[in-house]
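Residue numbers (this note's numbering), protein chains in the order written: chain A, 109 to 457; chain B, 109 to 457. Even glycine gets a Cβ: it sits at the ideal position worked out from N, Cα and C. Working notes for the structure below.
There are 2 protein chains.
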Amino acid sequence: MRATIIHGERDVRVDDVPDPRLLTPTDAVVRVVAACVCGSDLWPYRGVTPTDEPKAIGHEFVGIVEEVGDDVSTVHVGDFVIAPFYFCDSTCVNCRNGVSTSCLTGGWWGSTDRDGKPVPGAQGERVRVPLADGTLVATPEVPDDGLVPSLLTLADVMGTGHHAALSAGVTTGSTVVVVGDGAVGLCAVLAAKRLGASRIVAMSRHADRQVIAREFGATDVVPERGDEGVARIKEMFDGVGPDCVLECVGTKESMDQAIRSARPGGMVGYVGVPNGGPELPVGRLFGTNVGVNGGVAPVRGYVEELLPEVLSGAITPGRVFDLELPLEQAAEAYAAMDERRATKVLLRP
Amino acid sequence: MRATIIHGERDVRVDDVPDPRLLTPTDAVVRVVAACVCGSDLWPYRGVTPTDEPKAIGHEFVGIVEEVGDDVSTVHVGDFVIAPFYFCDSTCVNCRNGVSTSCLTGGWWGSTDRDGKPVPGAQGERVRVPLADGTLVATPEVPDDGLVPSLLTLADVMGTGHHAALSAGVTTGSTVVVVGDGAVGLCAVLAAKRLGASRIVAMSRHADRQVIAREFGATDVVPERGDEGVARIKEMFDGVGPDCVLECVGTKESMDQAIRSARPGGMVGYVGVPNGGPELPVGRLFGTNVGVNGGVAPVRGYVEELLPEVLSGAITPGRVFDLELPLEQAAEAYAAMDERRATKVLLRP
């Protein structure tokens, strides 16, 4: 089959690779209907994290089940399924605690399972899914094609935005600032809105993203960053800042801005993959009682809550996709995101 | 009057100082019935934080109101009052948000008020209390002397332990580990118990403190520290760790132990004054979804909740005092705590 392989910095190719097949009785094989490129895929693409040897890439997909192992009972051949950006058993103590990203038997697409067997990346034609019962969520019926982008966001960015909001304790009446206007940041706006936030500020300087942020529920848009951004935010919220700040970037600058923006006693919910730090300034956090909570988002556990709203059209997180390409043009998908010509690119095998 | 003055490293004296008096209409003057020495007072005592010039010290006291300014309405001459370890107006936006330690007009004992007027330290015979309505809580009647130690803990250590537990999200059924067996750590055990924790581990290697920890509700005591302590704790809680870890020390080692002990998705509630760091390891926190929440405890806001239980004897946090001395022996009080001959020393002017 064809699959996306990263060979090195800015060198992404669609190559021929062996077809995946069932390797254990708990596996499924899924034909990918849509996959996409993640902001975190750009770290190896940009060479920020090194690629020592060619490696399957991609961790967000939806598709149709083509085969299931003998021990798979919750998904069936022909089902349309959503896969989170990792696989997990949904039964271990960490999964039961709602932290399936720390599953004791799980792992990552484009890697290996606990037995060392290969697990393909998601930007390909097919994926072997270990722990299929724990990992996959089937929709009640095969959805209209128009719903595919929004369903695909449940694999990562919508669930991750939701995690940022939950981690920051967003609830009815909360005041919220979202740092980052990428796909996750925009989804965090939407998540905050559906959790009942009374005021939501999107920190954004891109006109097209501002439009989506407002569609998703942002009441205000602030283009300033750094010291100016913090000052502007403080001023907007009683001179002290908002209850919740959702950090959706992962750089030292964005985390610093998030921590300094929150009001005393406020909470930063962060989901941006920390890129080589920063370490958090405990003295400032202590003095202001600003908490920091979040991490790699356990999106598998959020699918059941969010799926009905996607299917009904109540939320349309798929709006974050502003470019759709055939899988064969994966290299262009990466370039478009790297050069910020696209917010989020959907790939169709 | 007589008051405790720190002159430098390991040089604490009781000196003659001017009597405090009303300086603004919102002041009260309180005659100190009991004060005490805080673990954080040991940082200047040990020279870890420098003392550039002689300075009034002490920030925990209870007493009897002797004078009130014309604008004071909630406390009256003759009232027995509890003062938090800071003064605050209880009306500004931060106070209303429950973060009175970030009061916009408040400040610290042994310092100055917002107008630059002197505010005495608490380890003396009398204290001028700015913002008396916001700061002081009067008991319904002058309490029995036997209740004074427990009431005094509401000025700091009991409220601080409670803050650690709240910050970590302790609730009915939570599993909890408390790092630190000083007065705050012991109070954190008590706080976790009254919030409904199902299992509470006190990390302690001092027999006398272990006894109090068990009295306060600890179900287990673990003497190991560092890697051994973490391994022991993981093993006790499904191999993954407890829901909540209460960090009540403030050193790099204790915070590291706390973060590594929490289960994935767990929360560290920290109240130990960070002593020169550490910066928090965001990569580990991100990967495990362990949150960090807490800071300088807004104990003023907790007095109303905890006071009835102290008055009824339902909780006896005053058990943390294991030495009582006359004010004139303040130097011995510091030495006893520094040398760990005492957990917490009560001073009587």
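Nearest candidate by alpha-carbon position, reference residue i, set the options
| i | options | result |
| --- | --- | --- |
| B:V357 | B:V137, B:R392 and B:C146 | B:C146 |
| A:D135 | A:V227, A:V156 and A:I190 | A:V227 |
| B:P350 | B:I308, B:A326 and B:V330 | B:I308 |
| A:V292 | A:V207, A:T327 and A:M311 | A:M311 |
| A:C144 | A:G380, A:T199, A:C203 and A:L262 | A:L262 |
| B:G232 | B:M109, B:G224 and B:T327 | B:M109 |
| A:W217 | A:L260, A:N205, A:E117 and A:A164 | A:A164 |
| B:V404 | B:E117, B:Y194, B:D119 and B:V120 | B:Y194 |
| B:V96 | B:A441, B:Q437, B:V381 and B:R448 | Shown here, chain B extends from 109 to 457; a query on residue 96 of chain B therefore has no answer. |
| A:A438 | A:G229, A:L415 and A:T268 | A:G229 |
| B:V256 | B:L388, B:R408 and B:S420 | B:S420 |
| B:V250 | B:F188, B:T220, B:R234 and B:G224 | B:F188 |
Sequence-distant residues of the same chain with beta carbon closer than 6 Å to residue i, five excluded per side
| i | result |
| --- | --- |
| B:H270 | A299 and Y410 |
| A:T182 | D241 |
| A:S275 | G377, N401 and G402 |
| A:G171 | V138, R139, V140 and V141 |
| B:S258 | V418, T424, P425 and G426 |
| B:P434 | R456 |
Length of the line joining the Cα atoms of residue i and residue j
| i | j | result |
| --- | --- | --- |
| A:V141 | A:A443 | 22 Å |
| B:G288 | B:R313 | 10 Å |
| A:T132 | A:V138 | 14 Å |
| A:V297 | B:M363 | 33 Å |
| B:T112 | B:M344 | 45 Å |
| A:G186 | A:E175 | 9 Å |
| A:F245 | A:A191 | It is worth fixing the name first, because residue 245 of chain A is Val in this sequence and not Phe. Their Cα atoms are separated by approximately 7 Å. |
| A:E161 | A:R129 | 23 Å |
| B:F169 | B:V237 | 11 Å |
| A:H115 | A:T159 | 7 Å |
| A:G337 | B:V379 | 29 Å |
| A:V173 | A:R154 | 33 Å |
| A:D430 | B:D149 | 58 Å |
| A:N205 | B:T280 | 15 Å |
| A:L454 | B:L414 | 55 Å |
| B:R340 | B:R322 | 19 Å |
Residue-chain proximity (residue i, chain A), Cβ-Cβ < 8 Å
| i | result |
| --- | --- |
| B:P152 | no |
| B:F394 | yes |
| B:R50 | With chain B running from 109 to 457 in the structure shown, residue 50 of chain B is simply not present. |
| B:G409 | no |
| B:G402 | yes |
| B:D346 | yes |
| B:V278 | no |
| B:V338 | no |
Proximity test, Cβ basis, 8 Å: residue i and chain B
| i | result |
| --- | --- |
| A:T157 | no |
| A:P264 | Residue 264 of chain A is actually Asp in this sequence, not Pro. Taking Cβ atoms only, chain B never reaches closer than 8 Å to A:D264, which makes this a no. |
| A:E161 | no |
| A:R371 | yes |
| A:E436 | no |
| A:S210 | yes |
| A:E355 | no |
| A:L388 | yes |
| A:S148 | no |
| A:P464 | This structure cannot speak to residue 464 of chain A, because chain A is shown only from 109 to 457. |
| A:V173 | no |
| A:R399 | Per the sequence presented here, residue 399 of chain A reads as Gly, with Arg not at that position. A:G399 counts as touching chain B. |
| A:V201 | yes |
| A:G214 | no |
| A:S275 | yes |
| A:G391 | yes |
Cutoff 7 Å; reference residue i; Cβ partners in own chain excluding five residues on either side
| i | result |
| --- | --- |
| A:T278 | It is Val, not Thr, that sits at residue 278 of chain A in the sequence shown. Correct list, in chain order: V284, A300, L303, A305 and C352. |
| A:T383 | It should be pointed out that residue 383 of chain A corresponds to Asn in this sequence rather than to Thr. So the qualifying residues of the chain are W151, V156, G358 and T359. |
| B:N397 | P372 and G373 |
| B:D197 | C203, C211, T213, G214, L239 and G242 |
| B:V207 | P406 |
| A:F324 | L294, V297, L298 and K301 |
| A:A273 | A296, A299, A300, L303, L354 and G377 |
Proximal residues to residue i (C-beta, below 8 Å), its chain only, five neighbours per side dropped
| i | result |
| --- | --- |
| B:L393 | I367, G399 and V400 |
Near the ligand ADP: residue i beta-carbon under 7 Å from a heavy atom
| i | result |
| --- | --- |
| A:Q437 | This structure lacks the ligand ADP; in fact it carries no ligand of any kind. |
Neighbour list for residue i in chain E, Cβ cutoff strictly below 7 Å
| i | result |
| --- | --- |
| B:V207 | The displayed structure is made up of protein chains A and B, and chain E is not among them. |
Check your understanding: Can you list the beta strand (DSSP E) stretches of 3 or more residues lying completely in the segment 359 to 408 of chain B, in chain order?
Key -> 375 to 378 and 399 to 402
Check your understanding: For the segment 191 to 235 of chain B, which segments carrying the alpha helix (DSSP H) assignment without a break, of at least 4 residues, lie completely within its bounds, in sequence order?
Key -> 201 to 204
Practice item. Let me know the alpha helix (DSSP H) ranges lying completely inside the segment 324 to 357 of chain B, each 4 residues or longer, listed in chain order. Key: 334 to 344
Exercise for review: Output the residue ranges of the alpha helix (DSSP H) runs that lie fully inside the segment 254 to 339 of chain A and measure 4 residues or longer, sorted by chain position.
Suggested key: 256 to 261, 265 to 275, 291 to 302 and 315 to 324
Exercise for review: Could you tell me which uninterrupted alpha helix (DSSP H) segments, each at least 4 residues in length, are contained entirely in the segment 129 to 185 of chain A, listed from first to last along the chain?
Suggested key: Complete alpha helix (DSSP H) runs here, min 4: 150 to 153.
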